[in-house]
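Residue numbers (my numbering): 121 to 346.
Beta carbons are placed, not taken as given, at the ideal position from N, Cα and C, and that holds for glycine.
Here the structure comes first, spelled out in structure tokens, and everything after it is commentary.
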């Protein structure tokens with residue numbers, strides 16, 4: 121049973137989400153204030169956080185930033201939930217480390233499916249075989265960590281899975297739709313922009329990938345076969 125933290129100040133929406141997630145077998149905790157999130161996660165870690173953007177106390181973007189900035193919570197998957205559907209808002213959330221973005225109004229069944237898909241991707245990890253290396257980068261599937269020359273590099277859950285997928289399929293041209301399907305695990309309705317944002321974050325956190333990840337214009341990406 122996965123532990124899901126739902127941070128939503130609209131009690132009707134929170135109740136609806138909790139109902140569908142509980143039907144799917146998850147254990148749900150609810151908070152209505154952004155400022156209560158980090159104390160709760162430190163006291164009782166969650167397997168995934170569903171985070172509304174507009175929250176009293178501390179807005180969702182700042183909460184997301186706080187989760188990613190704490191080593192104890194940095195790898196918890198985050199789905200942002202908000203009525204603001206403009207691309208700029210989606211990109212802001214993704215750039216701060218959100219793994220997914222759902223806009224209101226939404227289908228609670230689709231949200232539950234996205235939760236399940238994200239948890240599967242995190243739990244699945246890399247195939248058995250321990251550490252996979254790509255140049256100076258070492259990906260440890262068992263510990264879910266990435267190091268460069270022995271130095272830890274902090275990645276979000278989705279960044280880790282995307283890097284892992286690219287390394288496993290090095291030398292192949294991968295379309296954005298394929299990456300969404302195989303890494304995100306569902307037909308993402310928010311557009312392929314999320315892939316571009318995550319690729320950019322990987323290049324920023326792992327500068328040796330700046331040239332290694334080739335952009336295939338109007339199609340996708342390819343990691344050089346080294």
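How long is the line joining the alpha carbons of residue i and residue j, rounded to whole angstroms?
{"i": "residue 266", "j": "residue 260", "result": "6 Å"}
{"i": "residue 143", "j": "residue 291", "result": "42 Å"}
{"i": "residue 187", "j": "residue 345", "result": "34 Å"}
{"i": "residue 194", "j": "residue 124", "result": "15 Å"}
{"i": "residue 147", "j": "residue 337", "result": "43 Å"}
{"i": "residue 239", "j": "residue 253", "result": "24 Å"}
{"i": "residue 289", "j": "residue 132", "result": "44 Å"}
Which residues in the same chain as residue i place their Cβ atom closer than 8 Å to its Cβ, once the five residues preceding and following it in sequence are excluded?
{"i": "residue 347", "result": "With the chain running from 121 to 346 in the structure shown, residue 347 is simply not present."}
Roughly how far, in whole angstroms, is the beta-carbon of residue i from the beta-carbon of residue j, given that I think they are within contact range, below 8 Å?
{"i": "residue 138", "j": "residue 150", "result": "6 Å"}
{"i": "residue 317", "j": "residue 211", "result": "6 Å"}
{"i": "residue 180", "j": "residue 200", "result": "6 Å"}
What's the call for residue i, buried or exposed, on a 16-neighbour Cβ count within 10 Å?
{"i": "residue 263", "result": "exposed"}
{"i": "residue 250", "result": "exposed"}
{"i": "residue 220", "result": "buried"}
{"i": "residue 335", "result": "exposed"}
{"i": "residue 197", "result": "buried"}
{"i": "residue 241", "result": "buried"}
{"i": "residue 279", "result": "buried"}
Near residue i, what residues of its chain come up, given a Cβ to Cβ distance below 7 Å and the 5 sequence neighbours on each side ignored?
{"i": "residue 83", "result": "Residue 83 is absent from the model: the chain starts at 121 and stops at 346."}
{"i": "residue 294", "result": "340, 341, 342"}
{"i": "residue 273", "result": "266, 267, 325, 326"}
Are the beta-carbon atoms belonging to residue i and residue j less than 8 Å from one another?
{"i": "residue 283", "j": "residue 322", "result": "yes"}
{"i": "residue 184", "j": "residue 213", "result": "yes"}
{"i": "residue 229", "j": "residue 203", "result": "no"}
{"i": "residue 222", "j": "residue 168", "result": "no"}
Skipping 5 residues on each side, what residues in its chain have a beta carbon closer than 6 Å to that of residue i?
{"i": "residue 128", "result": "134, 172"}
{"i": "residue 258", "result": "251, 267"}
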